[in-house]
Amino acid sequence: MVTREFSVGKNETTLQAMPRGALGTVWFLPSPGLKIEKLTSTVQETQGERDAVTLDEVIQANVGKRVRLLVQRGSNQETLAGELTLAAGQVVMLRGASDVALPKSAVLSIEADGGKLLWKVPTPGNSRVFKIKASGEGKVQVTSLERGLTWAPAYAVDLKEGKTLQLTGKATIINDLDAISGKELRLVTGFPNVPFAQFLDPFVSGQDADGFVNTMGALTNSPAPVARGMMTQNAGGFGGGAFKADFSDAMATSPLAGEQKEDLFFYRQPNVDLKRGDRGYFLLFSFSAPYEEVFTWDIDDLVQNNVNYVAPPEGPGEIWHTVSFVNKAGQPLTTAPATVYDGGDIVGQDTMKYVSPNAKAELKVNKSLDIAGEIDEQEVSRERGAIKYGDGRPIYDLVTIKGTVKLVNRKKTKVATRVRKDLTGEVIATEGNPTVVATAKGLRSVNPQARIVWTADLDPGQTLTRSYTYKLYVAS
Numbered sequence: 510m511v512t513r514e515f516s517v518g519k520n521e522t523t524l525q526a527m528p529r530g531a532l533g534t535v536w537f538l539p540s541p542g543l544k545i546e547k548l549t550s551t552v553q554e555t556q557g558e559r560d561a562v563t564l565d566e567v568i569q570a571n572v573g574k575r576v577r578l579l580v581q582r583g584s585n586q587e588t589l590a591g592e593l594t595l596a597a598g599q600v601v602m603l604r605g606a607s608d609v610a611l612p613k614s615a616v617l618s619i620e621a622d623g624g625k626l627l628w629k630v631p632t633p634g635n636s637r638v639f640k641i642k643a644s645g646e647g648k649v650q651v652t653s654l655e656r657g658l659t660w661a662p663a664y665a666v667d668l669k670e671g672k673t674l675q676l677t678g679k680a681t682i683i684n685d686l687d688a689i690s691g692k693e694l695r696l697v698t699g700f701p702n703v704p705f706a707q708f709l710d711p712f713v714s715g716q717d718a719d720g721f722v723n724t725m726g727a728l729t730n731s732p733a734p735v736a737r738g739m740m741t742q743n744a745g746g747f748g749g750g751a752f753k754a755d756f757s758d759a760m761a762t763s764p765l766a767g768e769q770k771e772d773l774f775f776y777r778q779p780n781v782d783l784k785r786g787d788r789g790y791f792l793l794f795s796f797s798a799p800y801e802e803v804f805t806w807d808i809d810d811l812v813q814n815n816v817n818y819v820a821p822p823e824g825p826g827e828i829w830h831t832v833s834f835v836n837k838a839g840q841p842l843t844t845a846p847a848t849v850y851d852g853g854d855i856v857g858q859d860t861m862k863y864v865s866p867n868a869k870a871e872l873k874v875n876k877s878l879d880i881a882g883e884i885d886e887q888e889v890s891r892e893r894g895a896i897k898y899g900d901g902r903p904i905y906d907l908v909t910i911k912g913t914v915k916l917v918n919r920k921k922t923k924v925a926t927r928v929r930k931d932l933t934g935e936v937i938a939t940e941g942n943p944t945v946v947a948t949a950k951g952l953r954s955v956n957p958q959a960r961i962v963w964t965a966d967l968d969p970g971q972t973l974t975r976s977y978t979y980k981l982y983v984a985s
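Here the sequence shown is numbered in the working numbering, starting from 510 and rising by one per residue.
As structure tokens, this is what we get:
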């Protein structure tokens, strides 16, 4: 949202700065005690100018002035002086001791005969303006949702000694809208529902009536896309150990606390000065927190369409080295790239998902090469035709599956691990006291779904084996 403020008087005021506001978001707000009596959007003729780019344009710009022309006459060149009275089309006319008309193509150069040569060309045009009549003198604000001003968040997560980290949040403000001088910007996070953001409001668009009606017809016949507030940007930073990564000391963070409004959160950045086309770099906040290192293995559910069993693929599992910590910023962490540093070196990068204040965050650092994982599932039993049609034809078999997960710690240090296995079916047995979260099956689903979570510390060289058993209906 952009807010512009204008001064108005007792007489009609013309406002040149026309916002390009989205449909339904252009609103005029007078200062207290002031009333808007009349407000129109209209087209007004404008007069601009540009530099001349041809000799013909310079000649035409100096009509009415005394000039000297170097002209080609046959094989000879001569200089003619006088008042340039005509330069339209292909003819040039000079009025001096005697009037002379000659083809414009014969003119080789032009000089001012006293004074300066004009070299600007008028460029008439049209622009849309506001005309506003108020009840008196005062201020009028225009608010609108406009394209051209946005921001991209990013985080630097610096791992320090003593299992603490320093997280610094930054904002890159992208201004392709208008000049900003000493203003506070509010950076929105969340998912604002603005389905008409791509359509201009008819008060500012200049669109004719037929075009607007056609646009409205298209909107009613098809759902408009939702403008989302999630921002992403690849993060850069220091590498190779050239500098100590101390991102929070690079500049002062914003002194203003953010604001929660409904399901949206607004970071506040005061005193922003950016010309159109500028990009601004700002630190929003920084905090330190203890962190834990956990080696995580998330095993997806491969069952298709709720009843088509697919066995886990052979080969090693994908184990990730992750760090987890509590958000102590006092405000949310919005979805953005997070780059993890250790001693100035980049050691990993992940997407920080939205994290509420005081909630737990988790970031993947890199894939682990020293923690190995394997999974295997075997069919234990099958009851054919457990569910049949009324005529006795089988629909689903009831299958019992036993699975085994195995983790090996090849590191020289003790590590914390977590294995999460998602599956389709009913869990009937587990090993190792895991957490099992089951969900009720959907109205059109045959099987429920579940998640099994094991956590364990592994000593150097230790192998951990855990089994689980579940039942599911599969297509006969």
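Ideal Cβ positions, reconstructed from N, Cα and C, are used throughout, including at glycine.
Neighbourhood of residue i by C-beta, 8 angstroms cutoff - its chain only, sequence neighbours within 5 removed
| i | result |
| --- | --- |
| E546 | K642, A643 and S644 |
| K869 | S833, F834, V835 and N836 |
| G624 | K574 and R575 |
| K980 | L907, V908, T909, I910, G934, E935 and I937 |
| D966 | K923, V924, A925 and T926 |
| T995 | Any property of residue 995 remains undetermined from this structure, which presents the chain solely from 510 to 985. |
| S985 | R893, G894, P903, I904, Y905 and D906 |
| T724 | F708 and Q716 |
| I808 | P821, G826, I884, V914, V928, R929, K930 and D931 |
| Q599 | P612, K613 and S614 |
| R559 | K629, V630 and T632 |
| V567 | A561, I619, L626, L627 and W628 |
DSSP bridge partner residues for residue i (one or two, in chain order)
| i | result |
| --- | --- |
| G598 | Beta-bridge pairing links G598 to no other residue. |
| K869 | V835 |
| D498 | Residue 498 lies beyond the stretch modelled for the chain, which goes from 510 to 985, so this question has no answer here. |
| D667 | Q675 and Y850 |
| F804 | H830 and T926 |
| P821 | DSSP, once it has assigned bridges, lists no residue as partnering P821. |
| W628 | Paired residue(s): none; W628 is not in a bridge. |
| Q581 | Q586 |
| P662 | A680 |
| Q556 | P633 |
| K692 | V781 |
| N875 | H830 |
| S947 | For the record, residue 947 in the displayed sequence is Ala; it is not Ser. Looking at the DSSP assignment, A947 forms a beta bridge with A959. |
Neighbourhood of residue i by C-beta, 7 angstroms cutoff - its chain only, sequence neighbours within 5 removed
| i | result |
| --- | --- |
| S550 | R637, F639, F712 and V713 |
| K862 | T844 |
| K519 | G645 and E646 |
| V945 | V936, T939, A959 and I961 |
Close Cβ partners of residue i (< 6 angstroms) along its chain, the five nearest in sequence each way excluded
| i | result |
| --- | --- |
| E592 | R575 and R604 |
| K873 | W829, T831 and D859 |
| V917 | A881 and T972 |
| G634 | T555 |
Which listed residue (the options) has its alpha carbon closest to that of residue i
| i | options | result |
| --- | --- | --- |
| H896 | G934, D906 and Q778 | For the sequence presented, residue 896 should be read as Ile rather than His. The shortest Cα separation from I896 among G934, D906 and Q778 belongs to D906. |
| L694 | V722, F708, N723 and L658 | L658 |
| N875 | V889, E883, G857 and P866 | G857 |
| L811 | F721, Q581, V562 and L932 | L932 |
| G671 | L842, E802, V511 and S607 | E802 |
| K692 | V601, E514 and K950 | E514 |
| L773 | I808, T698 and T831 | T698 |
| D885 | L548, K613 and Y977 | Y977 |
| P841 | F794, G882 and I880 | F794 |
| V630 | P779, P821, D851 and Q556 | Q556 |
| Y1008 | E587, G533 and Q958 | In this structure the chain extends from 510 to 985, so residue 1008 is not present and cannot be described. |
| R529 | F700, R656, G970 and W660 | R656 |
| K669 | V849, V781 and K950 | V849 |
| T534 | K950, L654 and I689 | L654 |
| F705 | N867, A531 and G912 | A531 |
| R919 | S877, E888, A949 and V889 | S877 |
| V511 | V517, E521, M527 and T522 | M527 |
Residue i in three-state terms, based on DSSP
| i | result |
| --- | --- |
| P957 | coil |
| T848 | strand |
| P711 | helix |
| T523 | strand |
| N780 | strand |
| L773 | strand |
| G497 | Coverage of the chain is limited to positions 510 through 985, which leaves residue 497 absent and any answer about it impossible. |
| Q840 | coil |
| T724 | helix |
| K564 | Strictly speaking, residue 564 in this sequence is Leu, with Lys absent from that position. Three-state result, L564: helix. |
| Q742 | With a pLDDT of 29 at Q742, under the threshold of 50, the modelled position of this residue cannot be trusted; read the value that follows with caution. If DSSP states are grouped into helix, strand and coil, Q742 belongs with coil. |
| M760 | Because M760 carries a pLDDT of 48, less than 50, the predicted location of this residue cannot be relied on, and the following value inherits that uncertainty. DSSP places M760 in coil when its eight states are reduced to three. |
| S618 | strand |
| K613 | helix |
Distance cut-off 7 angstroms: residue i Cβ against heavy atoms of the ligand GTP
| i | result |
| --- | --- |
| T972 | Ligands in the displayed structure: none, and consequently the ligand GTP is not present. |
Q. Given 8 angstroms as the limit, is there contact between the region 682-694 and the region 776-790, that is, 3 or more CB pairs closer than that?
A. yes
Q: Could you tell me whether the region 814-822 touches the region 943-958, where touching means 3 or more Cβ pairs closer than 8 angstroms?
A: yes
(Q) So, does the region 582-599 touch the region 557-573, judging by three or more C-beta pairs under 8 angstroms? (A) yes
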